[in-house]
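**Q** In our numbering, the protein residues as written are -7 to 283.
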Amino acid sequence: EDLGRELLPELLHLLKHPSPYVRKKALLCLYKVFLKYPQGLRLSFEQIKLCLEDSHPSVVSCAVNVITELSDKNPRNYLPLAPAFFKLLTSSANNWMLIKVVKLLGSLVPEEPRLARKLLEPLSNIVKSTHAKSLLYESVYAITLCLQYVKKSNGSQPANIPDVVQLCVETLRSFAGDADQNLKYLGLVGFGSLLSSQPRVLHGHSDCRALILKCLSDDDVTIRTRALGLLRFMTTSRNLVDLVTQLLGHVEAASGDYRSDLVEEILRLCSSNKYELVADFAWYVDVLVML
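#1: Could you say if the segment 145 to 157 and the segment 173 to 184 meet the contact criterion of at least three C-beta pairs nearer than 8 angstroms?
#2: Rank Cys43, Asn174, Gly241, Leu232 by C-alpha distance to the C-alpha of Glu268 and give the top, closest one.
#3: Once you ignore the five residues that flank Gln287 on each side, which residues in its own chain have a CB closer than 7 angstroms to its CB?
#4: Mind checking whether Arg109 and Val142 have CB atoms under 8 angstroms apart?
#5: In whole angstroms, what separates the C-alpha of Leu7 from that of Leu27?
#6: Can you tell me which of Leu259, Asp172, Cys21 puts its alpha carbon nearest to the alpha carbon of Leu280?
#7: Is the segment 66 to 73 close to the segment 47 to 58, with three or more CB pairs under 8 angstroms?
#8: Can you tell me the Cα-Cα spacing of Ser252 and Gln238, whole angstroms?
#9: With respect to the alpha helix (DSSP H) encompassing Gln190, which residues constitute its N-terminal and C-terminal limits?
#10: Among the candidates Cys200, Val101, Tyr29, whose CA atom is the shortest distance from the CA of Glu162?
#11: My guess is that Val93 and Leu80 are in contact by the Cβ rule of under 8 angstroms, so how many angstroms apart are they, rounded?
#12: Here's a check: name, in chain order, each residue in its chain whose Cβ is nearer than 8 angstroms to the Cβ of Ala74, leaving out the five neighbours to either side.
#13: With a threshold of 16 other CB atoms inside 10 Å of the CB of Gly(-4), please say whether the residue is buried or exposed.
#14: Check Leu239 in the structure and name its three-state DSSP category.
#15: Please state the DSSP three-state secondary structure of Asp278.
#16: Based on Cα-Cα distance, which residue from Arg230, Lys16, Ser247, Thr122 lies nearest to Asn87?
#17: Buried or exposed for Met282, please, with buried defined as at least 16 other CB atoms from any protein chain shown within 10 angstroms of its CB.
#18: Would you please state the rounded distance, in angstroms, between the beta carbons of Gln39 and Leu4? I believe it to be under 8 angstroms.
#19: Output yes or no for whether 8 angstroms exceeds the beta carbon distance between Leu235 and Ala219.
#20: Where Val213 and Ile118 are concerned, what is the direct C-alpha to C-alpha distance, given to the nearest angstrom?
#21: Closest to Asp211 by CA distance: which of Tyr250, His195, Thr228, Met226 is it?
#22: Going by DSSP in three states, Asp64 sits in which element: helix, strand or coil?
#23: Please check the pair Leu194 and Phe225, which I expect to be a contact at CB under 8 angstroms, by giving their CB distance rounded to whole angstroms.
#24: Taking its Cβ as the centre, do 16 or more other Cβ atoms sit within 10 Å of Glu257, making it buried, or is it exposed?
#25: Roughly how many angstroms separate the alpha carbons of Cys21 and Thr227, rounded to a whole number?
#26: To the nearest whole angstrom, what separates the beta carbons of Ser185 and Tyr133, a pair I think is in contact under 8 angstroms?
#27: To which residues of the same chain is Leu175 closer than 6 angstroms at the C-beta, ignoring the five residues directly before and after it?
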């Protein structure tokens, strides 16, 4: 800490060096200083903020990396940087930097809900235009976070919400249906986040429901568990019997913790809201006996 206090003035002076390489290295050194001497960040916040407007892209990218790493523990402290990051979101073409920018802005939404409505359009534009899978996922995931905070004080929502939700569904469906296990898992995580604000969205998308059910047979237990957690959002009185019948088949083939998870999910689906989805209690007793 003492060393950080002594080095801070010299490093801040180097942020004004004519060489962008030196300015970038100074930022990286400051990151290490801030970890040991947090007070230094408060003392130099304005200088770090100016680095987001540096004339050289590599310095801006480095500043974004440093700020996003520092913001992990307490995003609220970085709310004053939201305008600068929003400007980068709408003007930068650097995919790797945009990933960091999107992540930080997404973490700021719970701290400043008014930011949610402002982010929907630029994030949607990125989802429609980018071919980079990493940026695509981070953007659509950030949208799902924003959707939890877009309601106005009178209970109404912006007019573009249905289109934004449809965009999310189509994008996450492509992830969940991908042959790559990592992308499939991310698709299921994204659906979980989307369903937090749009719990009935799967009711109108039989193709998505089929994909999620297919994931219950995946070789990867983490994917099966993620898919299992989404079933409650797609269960109705009409399909409860079919879903439970499928789950009973999986129970027979499963073992260990996943088997217990399947049993718990069957009981949860049937007993939710005081058994409102169960039309035939004789059938349900048979299910309990089988379990």
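Every residue, glycine too, gets a C-beta built ideally from N, C-alpha and C.
**A** A quick look at the data gives this:
#1: no
#2: Leu232
#3: Because the chain here runs from -7 to 283, residue 287 falls outside it and cannot be looked at.
#4: yes
#5: 18 angstroms
#6: Leu259
#7: no
#8: 15 angstroms
#9: Run containing Gln190: none; DSSP gives neither H nor E here.
#10: Cys200
#11: 5 angstroms
#12: Leu97, Leu100, Glu104, Leu107
#13: buried
#14: helix
#15: helix
#16: Thr122
#17: exposed
#18: 5 angstroms
#19: no
#20: 32 angstroms
#21: Tyr250
#22: coil
#23: 5 angstroms
#24: buried
#25: 53 angstroms
#26: 6 angstroms
#27: Phe167
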